[in-house]
Amino acid sequence: MDCYKLYEPINTLKPVADNVWIVDGPEITMRYLGFGMPFPTRMTVFRLADGALWIHSPTTLTEQLAREIKALGHVRFLVAPNPLHYWWIKDWKDQFPQAVTYAAPGVRKAAAGRFDGFEVDLGEQPPPEWARQIDQVSVRGDFFSEVVFLHGGSRTLVLTDLIENFEPGRIRCHAMRWLTRIGGVCDPDGKTPYDMRLTFLRHRADVRANVRQMLDWQPQQAIVAHGRWYERNAVPELERAFRWVM
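To convert, take the position in the sequence shown, counting from 1, and add 49; that gives our numbering.
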């Protein structure tokens, strides 16, 4: 039995806005403080003006999902947005060899041995291939960094672990309920996990500037990888979730 009640149906495209979709994936277990902590997974798909698909934090690739993706457009970009979100990049690259793989800071080291074929490192500014349609900000810490993206046409913000928002009613395991409570990542007050904030202690001014950039973009919705995402009221949700650094 899964520890977390998944966001069914999984492994299928779900529309979010014009040219924006999510795919809710299976549960994955990460080691945390000696525990196996289960996470629901979620990827995001943007379709660009020329029909190219930009895929953020790919989830497991099933035959049915591959057919849906091929019907949607041609996969050109595969993005690993932080050192925890690269696991299925290899499977997608094998299926879509024409796609270019992009790595956030720290991903190459984390993925070594699992996937060593990253082709482009993400920096402070969006690469020219998508700069006119997708903006980005790099939130850097001492041992963890994440790149956050904005789809300009729909004003959809995409984060990964900088906000986690687990719904208590979906958690079946007592240990998971305990860990999400002490981590400060329970809906309706999901935010950056307390332990993860340690990596930003020396970079608070930079992180504050990064968050202000996100707010200045005035996103309408904000997608997160784990838990309930924000279908509306993205700006007040960001202000609430990042109050620890503002």
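Ideal Cβ placement from N, Cα and C applies to all residues, glycine included.
Between the alpha carbons of Pro268 and His200 lies a gap of roughly 9 Å. In this structure, the CA atom of Val149 is about 6 Å from the CA atom of Arg125.
If you draw a straight line from the Cα of Asp67 to the Cα of Ile118, it comes to about 16 Å. Thr209 has its alpha-carbon roughly 8 Å from the corresponding atom of Ile272. Contact between Phe164 and Met245 is ruled out by a C-beta separation of about 23 Å, above the 8 Å threshold. By the C-beta criterion, the region 124 to 139 is judged to be in contact with the region 149 to 158, since at least 3 inter-stretch pairs fall below 8 Å. As for any alpha helix (DSSP H) of minimum length 4 sitting wholly inside the region 59 to 142, the runs are 112 to 121, ordered along the chain. For Ile272, the enclosing beta strand (DSSP E) stretches over residues 270 to 272. For the set Phe249, Trp227, Leu97, the Cα lying nearest the Cα of Glu195 is the one of Phe249. In the structure shown, Asp244 falls within a helical segment according to DSSP collapsed to helix, strand and coil.
Put simply, the backbone Cα of Arg257 is about 21 Å away from that of Tyr279.
Going by DSSP, Ile183 is part of the beta strand (DSSP E) stretching over 183 to 189. Put simply, the backbone Cα of Ala283 is about 28 Å away from that of Gly155. At least 8 Å separates the beta-carbon of Leu110 from that of Trp103. Annotated three-state conformation of Val294 is coil, per DSSP. Separation of Pro89 and Gly162 (C-alpha to C-alpha, rounded to the nearest whole angstrom) is 24 Å. Spatial neighbours of Pro242 in its own chain (CB-CB distance under 7 Å, excluding positions within 5 residues in sequence) are listed in chain order as Glu213, Gly232, Gly233, Val234. Bridge pairing for Glu195: Val188 [DSSP]. Where Thr229 is concerned, the enclosing alpha helix (DSSP H) starts and stops at 223 to 232. About 5 Å separates the beta carbons of Gln185 and Phe198, which is inside the 8 Å limit, making them a contact pair. In the DSSP assignment, Ala152 falls within the beta strand (DSSP E) that extends over 149 to 152. Annotated three-state conformation of Gly239 is coil, per DSSP.
DSSP places Asp210 outside both helix and strand once states are collapsed to three, so it counts as coil. When Tyr53, Asp255, Ala274, Cys222 are compared, the shortest CA-CA separation from Val294 is found for Asp255. Ranked by Cα distance from Thr205, the first of Gly190, Pro64, Thr229, Asp140 is Pro64.
Counting every other CB atom within 10 Å of its CB across the protein chains shown gives Gly190 a total of 16 or more, marking it as buried.
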